[in-house]
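K.L.:
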Amino acid sequence: MRINVLQHTPNEGPGMIEDWADIHGHTIYTYHPYQFGTLPTAAETDLLVILGGPMSPNDDLGWIKQERDLIRELLAANKPIFGACYGAQQIVKALGYAVTKAPAKEVGWAPVTLQTETIPDLPAQLNVLHWHEEMFEVPAAAELLFSSERVQNQGFVMNHHIVGLQFHFEPRANNVREMVVNDYPYIAGSALGQSAADILATPVPTANQGTLFKILDYITTD
1 MRINVLQHTP
11 NEGPGMIEDW
21 ADIHGHTIYT
31 YHPYQFGTLP
41 TAAETDLLVI
51 LGGPMSPNDD
61 LGWIKQERDL
71 IRELLAANKP
81 IFGACYGAQQ
91 IVKALGYAVT
101 KAPAKEVGWA
111 PVTLQTETIP
121 DLPAQLNVLH
131 WHEEMFEVPA
141 AAELLFSSER
151 VQNQGFVMNH
161 HIVGLQFHFE
171 PRANNVREMV
181 VNDYPYIAGS
191 ALGQSAADIL
201 ATPVPTANQG
211 TLFKILDYIT
221 TD
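Here it is, written out as structure tokens:
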């Protein structure tokens, strides 16, 4: 399987998605459209991974719109797509739904709770890394997958092959450190009330990797 990854900032990479790909013998190609303006074609994509970033799907930038064109082609072809944070918002925006300011800015570790058992054997609650202040509207064809205390729409699953998450399962511990040391000013104003030191002192829960792997297995299996 060819996994095409759209990365939108140097400090938010695929993380444990690489581990899943290695286990299954898949090949990852990472694109940086914000810098190079290059995107894969739908024909050469078996799984599209759309990562987070500091931009908004509401920004009037050509490459952001081109990403959504690619997403629509993959949706029409019923190919799997996984979106994290901005990536989930891009999927929603490509479907014609809204991305708006969230009720609270969430930066740091906080629990999300499972809202549907459509994907088998996921934990009822997980402690995950949040790094956002916008949120997506859940498409009519999708199911709400995760919620948090402050932001209801934390994840969705659609048509067996699409999952979007407002938060991050993918970072390893070194990825969390990279996010914090480079983007620590963004922590200010978070409703979670955590400092950079607090975020760094929290271990990445082992359940996050297993859950991420189950989600990727689910969307890539008919």
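Position one of the sequence shown corresponds to residue 1 (full-length UniProt numbering), numbered consecutively onward.
Note that the Cβ used here is the ideal one computed from N, Cα and C, for glycine as well.
Q115 to D59, Cα distance in whole Å?
P.N.:
Numbered from 1 along the sequence shown, position 115 holds the residue referred to as residue 115. Numbered from 1 along the sequence shown, position 59 holds the residue referred to as residue 59. So the two alpha carbons sit approximately 30 Å from each other.
K.L.:
Would you check if there are 3 or more beta carbon pairs closer than 8 Å linking the stretch 90-97 to the stretch 130-143?
P.N.:
yes
K.L.:
I believe E106 touches R72 by the beta-carbon criterion, under 8 Å. Please report the beta-carbon distance rounded to the nearest angstrom.
P.N.:
As a first step, residue 106 must be located in the sequence shown, where it is residue number 106. As a first step, residue 72 must be located in the sequence shown, where it is residue number 72. Their Cβ separation, rounded to whole angstroms, is 29 Å, which puts E106 and R72 out of contact at 8 Å.
K.L.:
Which one of P120, T9, A191 and S148 has the shortest CA to CA distance from M55?
P.N.:
In the sequence shown, the residue the question calls residue 55 occupies position 55. Closest option to M55, Cα to Cα, is T9.
K.L.:
Pull the bridge partners of Y29 from the DSSP assignment, please.
P.N.:
The residue given as residue 29 occupies position 29 in the sequence shown. Looking at the DSSP assignment, Y29 forms a beta bridge with N4.
K.L.:
I think D46 touches I3, with their Cβ atoms under 8 Å apart; what is that distance to the nearest whole Å?
P.N.:
Taking the sequence shown and counting its residues from 1, one reaches residue 46 at position 46. Taking the sequence shown and counting its residues from 1, one reaches residue 3 at position 3. With 8 Å as the limit, D46 and I3 qualify as a contact, their Cβ atoms being about 7 Å apart.
K.L.:
Apart from the five residues on each side of it in sequence, which residues of its chain come closer than 8 Å, Cβ to Cβ, to N153?
P.N.:
As a working mapping, residue 153 is identified with position 153 in the sequence shown. Hits under 8 Å: M135, F136, E137, V138, L144, S147 and Q166.
K.L.:
What is the residue span of the beta strand (DSSP E) that Q125 lies within?
P.N.:
Indexing the sequence shown from 1 puts residue 125 at position 125. Taken as a continuous stretch (DSSP letters only), the beta strand (DSSP E) holding Q125 covers Q125 to F136.
K.L.:
Return the bridge partner residues of F146 from the DSSP annotation.
P.N.:
The residue given as residue 146 occupies position 146 in the sequence shown. L114 and G155, per the DSSP bridge assignment.
K.L.:
With distances taken Cα to Cα, identify the nearest neighbour of P103 among C85, H132, A110 and Y86.
P.N.:
Translated into positions along the sequence shown, residue 103 becomes position 103. Nearest in C-alpha terms to P103, of all of C85, H132, A110 and Y86, is H132.
K.L.:
What residues in its chain sit with their C-beta under 6 Å from that of G87, if we drop five residues either side in the sequence?
P.N.:
As a working mapping, residue 87 is identified with position 87 in the sequence shown. These residues qualify, in order along the chain: I50 and L51.
K.L.:
Would you grab the beta carbon distance between W63 and Y31 for me? Rounded to a whole angstrom, and I think it's under 8 Å.
P.N.:
Stepping through the sequence shown from its first residue, residue 63 is reached at position 63. Stepping through the sequence shown from its first residue, residue 31 is reached at position 31. The pair is not a contact, with the Cβ atoms about 10 Å apart (cut-off 8 Å).
K.L.:
So what's G164 in DSSP terms, helix, strand or just coil?
P.N.:
For this step, residue 164 is matched to residue 164 along the sequence shown. Strand at G164.
K.L.:
What residue from V112, I119 and E117 has the CA that sits closest to N127's CA?
P.N.:
For the purposes of this step, residue 127 is taken as residue 127 along the sequence shown, with counting starting at 1. Among V112, I119 and E117, the Cα nearest to that of N127 is on V112.
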